[in-house]
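Peer 1: Residue numbers (this note's numbering), protein chains in the order written: chain A, 12 to 166; chain B, 12 to 166; chain C, 12 to 166; chain D, 12 to 166; chain E, 12 to 166; chain F, 12 to 166.
There are 6 protein chains.
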Amino acid sequence: MTPMNQPSTIAQPLARYAAWRRAGDFIFLSGVIAVDPAAARIVRGYEDIPPEAATLLGRTGEFSTDVKEGPILAQSWYVLDRIRQTVEAAGGQMSDVFKLVQYFRCLDHFPHYSRVRKHFFPGEPPVSTVVEVSAMLPTDDILIEVEATAWVPLR
Amino acid sequence: MTPMNQPSTIAQPLARYAAWRRAGDFIFLSGVIAVDPAAARIVRGYEDIPPEAATLLGRTGEFSTDVKEGPILAQSWYVLDRIRQTVEAAGGQMSDVFKLVQYFRCLDHFPHYSRVRKHFFPGEPPVSTVVEVSAMLPTDDILIEVEATAWVPLR
Amino acid sequence: MTPMNQPSTIAQPLARYAAWRRAGDFIFLSGVIAVDPAAARIVRGYEDIPPEAATLLGRTGEFSTDVKEGPILAQSWYVLDRIRQTVEAAGGQMSDVFKLVQYFRCLDHFPHYSRVRKHFFPGEPPVSTVVEVSAMLPTDDILIEVEATAWVPLR
Amino acid sequence: MTPMNQPSTIAQPLARYAAWRRAGDFIFLSGVIAVDPAAARIVRGYEDIPPEAATLLGRTGEFSTDVKEGPILAQSWYVLDRIRQTVEAAGGQMSDVFKLVQYFRCLDHFPHYSRVRKHFFPGEPPVSTVVEVSAMLPTDDILIEVEATAWVPLR
Amino acid sequence: MTPMNQPSTIAQPLARYAAWRRAGDFIFLSGVIAVDPAAARIVRGYEDIPPEAATLLGRTGEFSTDVKEGPILAQSWYVLDRIRQTVEAAGGQMSDVFKLVQYFRCLDHFPHYSRVRKHFFPGEPPVSTVVEVSAMLPTDDILIEVEATAWVPLR
Amino acid sequence: MTPMNQPSTIAQPLARYAAWRRAGDFIFLSGVIAVDPAAARIVRGYEDIPPEAATLLGRTGEFSTDVKEGPILAQSWYVLDRIRQTVEAAGGQMSDVFKLVQYFRCLDHFPHYSRVRKHFFPGEPPVSTVVEVSAMLPTDDILIEVEATAWVPLR
């Protein structure tokens with residue numbers, strides 16, 4: 012194992028880029044969006060994530076509420092869970108993530124995202140940068156993109 | 012002291028995130044905005060920073076001028092000064108900061124920020140990325156957010 | 012040679028910032044835009060890059076097509092080529108670049124940029140973050156800004 | 012066969028109009044959009060055209076690129092192919108088309124359309140008028156409408 | 012009678028152009044809008060067309076409905092009726108019209124126009140192109156412009 | 012000479028299309044814009060047309076006036092003059108043009124264009140369609156596009 016090894020195939024990228032790269036003791040991840048790369052399907056609401064995740068996020072079962080909160084909550088969960096999977100594929104774990112840069116389509120979504128993030132970081136929180144941008148790939152349905160960095164020292 | 016230690020309490024964050032984190036020889040900071048966390052007060056002009064800072068920045072005492080330039084100059088000073096305090100709390104100093112990512116609400120503010128930044132980096136300047144974004148937290152009064160990274164090798 | 016040495020003069024920055032900085036085994040670059048710093052001239056189309064680059068990018072010779080595609084293709088080429096020059100000036104090479112953050116004025120330009128990027132990274136691709144922002148420096152003619160990081164271990 | 016005969020049923024129009032009409036030695040076609048009249052389905056991307064056409068147009072298999080370029084490329088192909096079918100139903104062939112009026116939703120799409128058009132007119136190109144309009148029928152998903160005229164002299 | 016003769020005075024144009032021109036077996040008409048050239052008056056509703064036409068178009072006598080539907084229905088009727096008069100002045104009849112290019116201010120008006128058009132073309136319908144444009148002459152009250160072509164072979 | 016012959020090279024097109032095509036006794040022209048194809052230069056004002064044309068159009072020599080009226084007057088003259096050249100290259104003359112379709116960026120320009128058009132059609136005027144569109148190729152500097160058709164019977 013070299014300090015600069017190849018990305019795993021855990022998260023198939025949308026374009027030609029690596030899902031993660033090791034550089035020294037660091038694992039750098041690409042910005043993650045809520046697109047299921049196998050199905051080329053965008054996560055648009057509770058119905059696109061596992062039922063137990065939807066329950067954890069507070070799905071009410073009331074249409075008017077779920078249709079409003081579902082998209083950002085489901086995308087937040089999906090993105091952070093995929094970051095977790097990617098870091099694990101790279102030999103680390105979620106608590107090794109020490110930095111997040113978070114891009115929103117609309118910062119009114121921040122409180123929803125913030126609540127979801129706490130489930131993924133019960134211990135020491137990462138450093139964080141948050142801005143609102145005009146758009147992300149691939150379409151306007153994308154509400155959030157998160158870029159994570161982890162510290163996973165080689166033995 | 013470990014290579015990956017706990018954030019200090021110097022800058023109490025608005026949400027649940029760390030003000031800084033050490034990873035190896037690096038200190039990573041969260042994006043900093045001009046909000047006084049103790050008072051939960053946004054820096055809106057010269058009156059929200061120390062008088063000697065306002066003088067340094069060129070406060071004219073003429074209302075029409077100060078009301079235009081004051082907000083971006085005061086926020087620029089506040090943000091960079093808080094970065095300085097945070098790096099020092101992490102065991103380094105401002106000259107250890109080698110990278111800045113700067114988000115603006117309006118790039119017409121850049122020349123003002125640029126002048127302030129020179130006061131904080133009289134020596135070798137950091138690498139720099141500058142973009143204009145739609146919005147930042149917590150409100151539209153925020154004109155700038157700066158994310159800094161420092162190199163502070165452990166003995 | 013120290014682990015934290017001075018930026019070369021290869022790419023003369025527009026404001027007071029470094030084109031690159033070494034920190035440990037890493038080379039951090041400033042965000043790069045398509046401005047020729049010597050001539051203070053913005054790259055606006057095929058005519059502002061070498062003819063062989065224009066040919067490589069697919070210049071058709073038809074005015075209506077070239078005037079539409081030329082700006083983003085030429086800026087993409089110029090930015091990535093300047094990143095290559097800067098990394099080489101820092102003692103590395105393009106294949107050492109393992110991370111890119113890419114800011115676009117309009118994400119419809121992404122497919123064009125993506126094709127150009129493949130020419131510069133024929134081997135292992137870097138991790139990648141892509142967002143659309145409102146504006147970049149110095150003017151609205153700038154369609155893309157790319158921030159690169161490379162891993163170039165010291166002997 | 013009269014100089015002014017009835018439209019065939021090849022392309023079932025959306026409203027009450029003819030797909031084509033002969034007048035003397037000329038065949039006039041209605042403006043064609045990318046709607047499959049049998050299925051009343053709008054062509055939205057590569058998945059709505061035959062796989063070999065998608066390959067010809069340069070489908071990359073990368074989601075972010077294909078989702079951006081697919082709609083205009085697939086609509087361009089569909090519209091021109093349906094013009095070909097209609098002219099053939101009227102007793103002519105694509106090379107008899109000597110005039111095109113092309114309406115775009117966004118002229119940034121022109122280079123993509125232009126490349127597709129070359130596949131359909133390998134020989135002498137038609138005269139051409141190109142403008143950008145506010146909208147076309149039936150919905151905002153329609154990116155292009157093309158009106159063709161052919162010269163097919165009666166024996 | 013020559014193959015290329017002079018326009019009649021049936022429809023006095025607003026600027027210096029011909030209402031119609033013969034070229035070979037074809038009669039080409041200028042784009043027609045709903046302006047009464049004698050009175051230099053724009054058709055704005057049912058009150059500007061003959062009562063029996065208003066009845067045919069479905070005038071309800073209810074203000075809220077007629078004020079909404081009246082403008083487009085009355086303009087559609089007026090424009091198509093003037094095309095009929097012009098073609099007759101040129102020696103043909105409405106059924107000789109084989110091609111229409113139709114420009115709308117707002118395509119939501121299309122269903123209304125489409126219903127009116129059926130009254131004028133009970134037999135074989137013409138080929139048709141429909142687009143929405145930003146504006147037409149002389150003012151923003153103009154909702155539709157129709158350009159017709161007829162085939163009226165000389166003996 | 013056949014009824015359907017090849018376009019001359021008089022007006023080098025911007026993309027791959029013909030400047031004109033004969034079909035039977037008709038000459039069909041592509042939409043013409045004010046771009047000098049040899050120099051790939053857009054006509055932006057009086058300085059881009061011959062001085063005697065500028066004088067004819069009413070150049071005042073007063074900057075404020077000429078900078079407002081110059082662009083549309085110069086483009087109108089250039090476009091109609093190029094139509095004249097193209098028709099002559101096809102074996103006809105300006106008086107053979109019997110139909111014009113005119114696309115404007117802004118219909119406030121119409122009176123200026125209309126005055127210029129009278130110089131080119133001192134005799135029988137052509138039929139005419141006028142609409143305002145969102146944009147034309149190649150850039151937003153283009154204020155007008157004119158599509159002409161001529162009747163030039165073969166011996």
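Heads up, the beta-carbon is just placed ideally off N, CA and C, and yes, glycines get one too.
Where does residue 106 of chain D fall in DSSP's three states?
Peer 2: In the structure shown, residue 106 of chain D sits in a helix (DSSP, three-state: H, G or I).
Peer 1: Decide yes or no for the touch test of the segment 34-52 of chain F against the segment 42-59 of chain D: beta carbon pairs closer than 8 Å, at least 3 of them.
Peer 2: These segments do not touch.
Peer 1: Taking 7 Å as the cut-off, decide whether the C-beta atoms of residue 144 of chain A and residue 143 of chain C are in contact.
Peer 2: Going by C-beta atoms, residue 144 of chain A is nearer than 7 Å to residue 143 of chain C.
Peer 1: Please identify, using Cβ separations under 9 Å, the residues of the segment 126-148 of chain E that lie next to chain F, in order along the chain.
Peer 2: Residues passing the 9 Å Cβ filter: 142, 144, 145, 146, 147 and 148.
Peer 1: Where does residue 146 of chain B sit, in a helix, a strand or coil, going by DSSP?
Peer 2: Reduced to three states, the DSSP call for residue 146 of chain B is strand.
Peer 1: For chain F, is any of its Cβ atoms less than 7 Å away from the one on residue 153 of chain D?
Peer 2: Chain F, which has no Cβ nearer than 7 Å to the Cβ of residue 153 of chain D, makes this no.
Peer 1: Report, in whole angstroms, the separation of the C-beta atoms of residue 97 of chain F and residue 165 of chain F, which I expect to be a contact under 8 Å.
Peer 2: Going by Cβ atoms, the distance from residue 97 of chain F to residue 165 of chain F rounds to 18 Å, so no, they are not a contact pair.
Peer 1: Skipping 5 residues on each side, what residues in its chain have a beta carbon closer than 8 Å to that of residue 154 of chain D?
Peer 2: Within the same chain, residue 154 of chain D has close Cβ partners 45, 82, 83, 86, 115, 116, 117 and 120.
Peer 1: Using the Cα positions of residue 5 of chain B and residue 131 of chain B, report the straight-line distance between them to the nearest angstrom.
Peer 2: With chain B running from 12 to 166 in the structure shown, residue 5 of chain B is simply not present.
Peer 1: Within a Cβ cutoff of 8 Å, which residues of the same chain sit near residue 108 of chain B, ignoring the five residues on either side of it in sequence?
Peer 2: Within the same chain, residue 108 of chain B has close Cβ partners 94, 98, 132, 137, 159, 160 and 161.
Peer 1: Would you identify the three-state DSSP class for residue 28 of chain F, choosing helix, strand or coil?
Peer 2: Coil at residue 28 of chain F, not helix or strand.
Peer 1: Indicate the three-state DSSP secondary structure (helix, strand or coil) for residue 115 of chain E in the structure shown.
Peer 2: Note: residue 115 of chain E maps to strand in three-state DSSP.
Peer 1: Within 10 Å of its beta-carbon, does residue 75 of chain B have 16 or more other beta-carbons around it, so buried, or fewer, so exposed?
Peer 2: Counting Cβ neighbours within 10 Å, residue 75 of chain B comes out exposed, since fewer than 16 surround it.
Peer 1: Straight-line CA distance for residue 60 of chain E to residue 77 of chain D?
Peer 2: If you take the alpha carbons of residue 60 of chain E and residue 77 of chain D, they lie about 52 Å apart.
Peer 1: Measuring alpha carbon to alpha carbon, tell me which of D:152, D:147, D:151 and D:90 ends up nearest residue 128 of chain D.
Peer 2: Measuring from the Cα of residue 128 of chain D, the nearest candidate turns out to be D:90.
Peer 1: Output yes if chain D places a C-beta closer than 7 Å to the C-beta of residue 110 of chain E; else output no.
Peer 2: With 7 Å as the cut-off, residue 110 of chain E counts as an interface residue toward chain D.
Peer 1: Just reading off the beta strand (DSSP E) that residue 38 of chain C is part of, what are its end residues?
Peer 2: Looking at the DSSP string, the run of the beta strand (DSSP E) that includes residue 38 of chain C is 37-40.
Peer 1: Along chain D, in chain order, which residues have C-beta atoms closer than 9 Å to that of residue 121 of chain C?
Peer 2: Per Cβ cutoff of 9 Å: 75, 76 and 79.
Peer 1: Who are the neighbours of residue 28 of chain B on chain A, taking C-beta pairs under 7 Å?
Peer 2: Going along chain A in sequence order, the residues near residue 28 of chain B (Cβ under 7 Å) are 136, 137, 138 and 139.
Peer 1: Using C-beta distances below 6 Å, list every residue in its chain close to residue 31 of chain B, excluding the 5 sequence neighbours before and after it, in chain order.
Peer 2: Result list for residue 31 of chain B: 18, 38, 40, 97 and 101, in chain order.
Peer 1: Please classify residue 70 of chain C as buried or exposed, where buried requires at least 16 neighbouring CB atoms within 10 angstroms.
Peer 2: Classification for residue 70 of chain C: buried.
Peer 1: I need the straight-line Cα distance from residue 29 of chain F to residue 135 of chain D, nearest angstrom please.
Peer 2: Taking the straight line from one Cα to the other gives about 8 Å.
Peer 1: I want to see whether chain D comes within less than 7 Å of residue 15 of chain E, judged by CB atoms only; does it?
Peer 2: The predicted position of residue 15 of chain E is uncertain, since its pLDDT is 42 and thus under 50; no value can be drawn from it.
Peer 1: Along the chain, where does the alpha helix (DSSP H) that runs through residue 94 of chain B open and close?
Peer 2: From DSSP, the alpha helix (DSSP H) with residue 94 of chain B extends over 74-100.
Peer 1: Examine chain E for any beta-carbon lying closer than 7 Å to the beta-carbon of residue 67 of chain F, and answer yes or no.
Peer 2: No, because no Cβ of chain E sits closer than 7 Å to the Cβ of residue 67 of chain F.
Peer 1: For residue 156 of chain B, report the span of its beta strand (DSSP E) as first-last.
Peer 2: 155-162 is the extent of the beta strand (DSSP E) around residue 156 of chain B.
Peer 1: Determine the direct distance from the alpha carbon of residue 149 of chain F to that of residue 163 of chain A, and round the result to whole angstroms.
Peer 2: Roughly 52 Å between the two C-alpha positions.
Peer 1: For a cutoff of 7 Å on Cβ pairs, would you count residue 49 of chain A as touching chain D?
Peer 2: Cβ-Cβ to chain D under 7 Å: no for residue 49 of chain A.
Peer 1: If you draw a straight line from the alpha carbon of residue 140 of chain A to that of residue 147 of chain B, how long is it in whole angstroms?
Peer 2: Going from the Cα of residue 140 of chain A to the Cα of residue 147 of chain B covers about 10 Å.
Peer 1: Determine the DSSP secondary structure at residue 51 of chain A, reduced to helix, strand or coil.
Peer 2: Three-state DSSP puts residue 51 of chain A in coil, outside helix and strand.
Peer 1: Output, in sequence order along the chain, the residues in the segment 31-43 of chain A whose CB is closer than 8 Å to any CB in chain C.
Peer 2: Listed by position, the residues of the segment 31-43 of chain A near chain C (Cβ gap below 8 Å) are 31, 32, 34, 35, 39, 40, 41 and 42.
Peer 1: Which residues in chain D sit within 8 Å of residue 46 of chain A, going by Cβ to Cβ distance?
Peer 2: By Cβ distance, chain D contributes 74.
Peer 1: Looking only at its chain, what residues have a beta carbon closer than 6 Å to the beta carbon of residue 112 of chain B, apart from the 5 residues adjacent to it on each side?
Peer 2: If we look at residue 112 of chain B and ignore the five residues flanking it on each side, its Cβ neighbours are 140 and 158.
Peer 1: To the nearest angstrom, report how far apart residue 35 of chain E and residue 68 of chain D are at their CA atoms.
Peer 2: Those two C-alpha atoms are separated by around 41 Å.
Peer 1: Between which two residues does the alpha helix (DSSP H) holding residue 66 of chain A run?
Peer 2: It spans 62-68 - the alpha helix (DSSP H) in which residue 66 of chain A sits, taken as one unbroken run.
Peer 1: For residue 118 of chain A, return the contacting residues in chain B, with the cut-off set at a CB-CB distance below 8 Å.
Peer 2: Those within 8 Å of residue 118 of chain A in chain B are 146, 147 and 148.
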